[in-house]
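Numbering (UniProt numbering), first residue to last: 1 to 671.
As structure tokens, the structure follows; a few thoughts come after it.
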């Protein structure tokens with residue numbers, strides 16, 4: 001409207017305000033002229049009076065004509081304005097719909113009528129005309145631009161409830177361009193044959209060639225099926241290039257290529273597994289390649305035989321990993337790690353070692369083992385422990401440590417550790433790799449660039465950014481097993497492991513293997529044999545593993561509440577208002593596996609810190625680690641756990657049941 005009444009559209013006589021002033025001035029001068037004329041000559045005055053009268057009459061007639069023209073102009077202008085508004089509303093590109101108080105359609109513009117076809121929509125309710133559109137309108141927040149799909153089109157929907165107006169902007173063309181752009185984003189993948197060296201070391205050249213050709217042919221057929229590019233970089237390493245659309249397709253297929261190669265090679269008595277790391281979402285190819293390598297490292301750190309799909313700053317998605325990782329048949333890596341550990345210790349002024357919160361015998365035994373290795377290399381080592389939060393078995397060990405003053409003096413609190421730490425100190429995280437569950441996260445932050453990790457759990461997404469050295473072997477029974485192997489490669493001039501340390505480490509292996517019944521290999525028994533020869537006392541082990549009467553009764557109380565899920569899974573749910581010791585819950589989960597027909601067990605209890613904990617165990621056929629990762633936890637294929645805050649026991653139980661009933665679907669990890 002402002003443009004219509006601009007100076008360019010109004011007649012000139014209406015724009016010049018000086019005309020009115022001139023008219024007034026002229027009238028004043030005319031009167032003065034008449035008066036002067038009569039004073040000079042009355043005849044001359046009459047003539048002037050007549051002339052002024054004629055001029056005045058002419059002026060009034062002219063002004064009347066101008067007024068009539070102005071009225072006509074304004075009338076025509078108003079008509080053009082109303083006509084323009086109507087034409088603009090009717091022909092405007094967005095679809096417009098006016099609804100009545102009872103949602104009947106009072107008016108639609110021709111643009112929107114086009115999408116209804118020949119359907120008569122006026123004076124009918126929107127739900128009667130199109131239920132899908134009615135649902136979209138009802139669920140769209142008022143005065144919010146929302147992208148919706150309707151009748152194979154994409155629209156931006158805008159609802160104005162004050163005017164009962166609905167606006168639909170067709171953005172199908174632009175949406176298709178966006179989808180094509182998203183589909184054609186690049187994804188980079190790294191494919192690695194986990195145990196190629198171990199499998200082929202005893203094979204003939206012909207068998208190796210046949211195996212290599214088989215794997216390459218299977219991978220080539222797989223990438224052709226999903227329109228990807230494959231390049232072999234080495235005997236056990238491949239490079240994959242794909243579009244995001246292809247990545248979505250192979251995720252929907254759940255990476256069945258892993259099962260295909262594993263099952264086929266197993267039938268040939270050469271069991272081979274694959275691991276993949278795939279990255280997407282970044283326009284920088286260098287960063288994308290680095291992320292793909294990091295994802296592959298994560299897959300290998302979790303034991304292999306799986307795929308990690310992850311974009312930068314997003315949660316990882318895991319596929320596979322449903323089989324136990326195969327034990328390596330070489331000690332080369334153990335020797336290399338041991339030598340690297342010696343070098344790092346020699347470069348440090350002192351060493352700090354800490355396990356996870358609420359440490360068990362494997363965690364504390366590993367700490368004692370690292371301290372002994374440090375002493376063998378003439379280095380000071382401190383064991384960081386919060387003595388106020390230990391379980392009864394660990395407390396018995398701490399009580400016995402008083403007979404070894406030098407070892408007992410090496411155990412310090414988290415506060416003392418922070419005071420002693422320097423920029424040249426080194427921190428070892430044992431039996432865990434998540435900084436958030438360390439004895440003290442503050443010490444980790446203080447030495448985050450001087451960290452080494454020794455662990456037997458599968459690596460999770462949460463992981464130190466710049467570790468000096470990483471030794472994660474998911475196939476190992478325990479962290480104590482990994483550390484025991486390092487003693488063989490240490491200096492023999494130092495003081496050897498003592499009886500108490502050997503007993504603690506053997507207890508750690510014994511507890512984690514459930515009396516050597518789970519996750520044991522030849523190297524597990526070799527480590528146990530070494531510790532036994534170093535003086536480990538079986539009777540003292542039994543003393544550490546004893547439980548008190550309250551714990552025993554509480555565990556039996558939990559077992560009485562067992563119920564079954566999917567016939568082969570046992571589930572215990574503790575009371576909402578009752579707190580349970582995490583060790584007791586874990587023992588109850590272990591005991592359930594002794595029941596006939598039970599392949600996996602889950603125990604849900606309220607912890608003393610207010611969180612709800614789940615202890616999960618299995619005999620190996622069911623991967624409880626994936627289940628716990630889906631609930632924010634982690635662990636081993638057959639031994640995992642999680643803790644959940646701000647939820648009731650019943651809510652956590654329902655969440656677990658939802659995951660177990662959809663066990664065939666890939667479980668994305670959350671942290």
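Virtual Cβ for every residue (Gly too), placed ideally from N, Cα, C.
Here the structure is a predicted model, which means the values were calculated and not measured.
Beta-carbon contacts of residue i that lie in its chain and below 6 Å, excluding the five residues immediately before and after
i: residue 608; result: 579
i: residue 411; result: 383 and 385
i: residue 540; result: 503
i: residue 158; result: 145 and 167
i: residue 239; result: 231 and 233
i: residue 38; result: 45
i: residue 391; result: 583
i: residue 148; result: 136, 155 and 157
i: residue 555; result: 584, 587 and 588
Nearest-angstrom beta carbon gap, residue j and residue i [assumed within contact, 8 Å]
i: residue 505; j: residue 368; result: 7 Å
i: residue 244; j: residue 182; result: 6 Å
i: residue 351; j: residue 428; result: 7 Å
i: residue 582; j: residue 354; result: The pair is not a contact, with the Cβ atoms about 18 Å apart (cut-off 8 Å).
i: residue 508; j: residue 399; result: The pair is not a contact, with the Cβ atoms about 17 Å apart (cut-off 8 Å).
i: residue 259; j: residue 366; result: So it is not a contact: roughly 35 Å between Cβ atoms.
i: residue 246; j: residue 228; result: 5 Å
i: residue 455; j: residue 477; result: That pair is no contact at about 13 Å.
i: residue 364; j: residue 397; result: 6 Å
i: residue 275; j: residue 296; result: 6 Å
i: residue 614; j: residue 598; result: 16 Å between Cβ atoms; not a contact.
Cβ neighbours of residue i in the same chain (closer than 8 Å, five flanking residues each side left out)
i: residue 575; result: 606 and 649
i: residue 610; result: 645
i: residue 220; result: 230
i: residue 401; result: 407, 408, 411 and 500
i: residue 289; result: 188 and 279
i: residue 137; result: 126, 157, 159 and 166
i: residue 559; result: 572, 588, 591 and 592
i: residue 124; result: 104 and 105
i: residue 425; result: 348, 349, 350, 351, 352, 447 and 450
i: residue 464; result: 429, 433, 435, 444, 448, 451 and 453
i: residue 422; result: 349 and 350
Same chain, Cβ closer than 7 Å to residue i, five either side skipped, listed in chain order
i: residue 518; result: 638
i: residue 625; result: 458, 634, 635, 636, 637 and 640
i: residue 334; result: 485 and 486
i: residue 346; result: 377
Residue i versus the options, residue with shortest Cα-Cα distance
i: residue 121; options: 104, 135, 111 and 514; result: 104
i: residue 384; options: 233, 392, 400 and 407; result: 407
i: residue 498; options: 153, 404 and 131; result: 404
i: residue 232; options: 217, 431, 361 and 246; result: 217
i: residue 616; options: 595, 585 and 596; result: 585
i: residue 441; options: 535, 431 and 414; result: 414
i: residue 100; options: 142, 215 and 162; result: 162
i: residue 193; options: 135, 265 and 247; result: 265
i: residue 487; options: 238, 248, 371 and 53; result: 371
i: residue 94; options: 43, 166 and 134; result: 166
i: residue 532; options: 484, 247, 567 and 513; result: 484
i: residue 225; options: 205, 249 and 237; result: 249
i: residue 184; options: 452, 451 and 176; result: 176
i: residue 263; options: 285, 215 and 251; result: 215
i: residue 253; options: 420, 223 and 235; result: 223
i: residue 482; options: 495, 566, 577 and 341; result: 341
i: residue 596; options: 577, 620, 569 and 622; result: 569
CB contact check: residue i to chain D, cutoff 7 Å
i: residue 483; result: Absent from the structure is chain D; it holds one protein chain and no more.
Please list the segments of the beta strand (DSSP E) lying wholly inside the stretch 418–478, counting only runs of 3 or more residues, in order along the chain. 426–430, 451–455 and 469–472
Could you give the uninterrupted runs of the alpha helix (DSSP H) lying entirely in the stretch 84–128, keeping only those of 4 residues or more? 110–116
Threshold first: 4 residues or longer. Then list the alpha helix (DSSP H) segments lying entirely within the stretch 506–556, N to C. 522–533 and 538–545
Pairing CB atoms from the stretch 487–498 with CB atoms from the stretch 374–388, are three or more of them under 8 Å? Yes, the stretch 487–498 touches the stretch 374–388.
For the pair the stretch 467–482 and the stretch 312–323, tell me if three or more CB-CB distances fall below 8 Å. no
Touching or not, the stretch 156–171 and the stretch 92–111, by the rule of three or more beta carbon pairs under 8 Å? Yes, the stretch 156–171 is in contact with the stretch 92–111.
In chain order, which alpha helix (DSSP H) runs of at least 4 residues are fully inside the stretch 151–232? 172–183, 196–200 and 205–225
Quick one: any contact between the stretch 185–199 and the stretch 121–137, if contact means 3 or more CB pairs under 8 Å? no
Is it the case that the stretch 291–302 contacts the stretch 263–273, given that we only count it when at least three CB pairs across the two stretches are under 8 Å? no
Touching or not, the stretch 277–284 and the stretch 306–316, by the rule of three or more beta carbon pairs under 8 Å? yes
Give the list of continuous beta strand (DSSP E) stretches no shorter than 3 residues that lie fully inside the stretch 280–324. For the stretch 280–324, whole beta strand (DSSP E) runs of length 3 or above, ordered along the chain, are 306–310 and 317–320.
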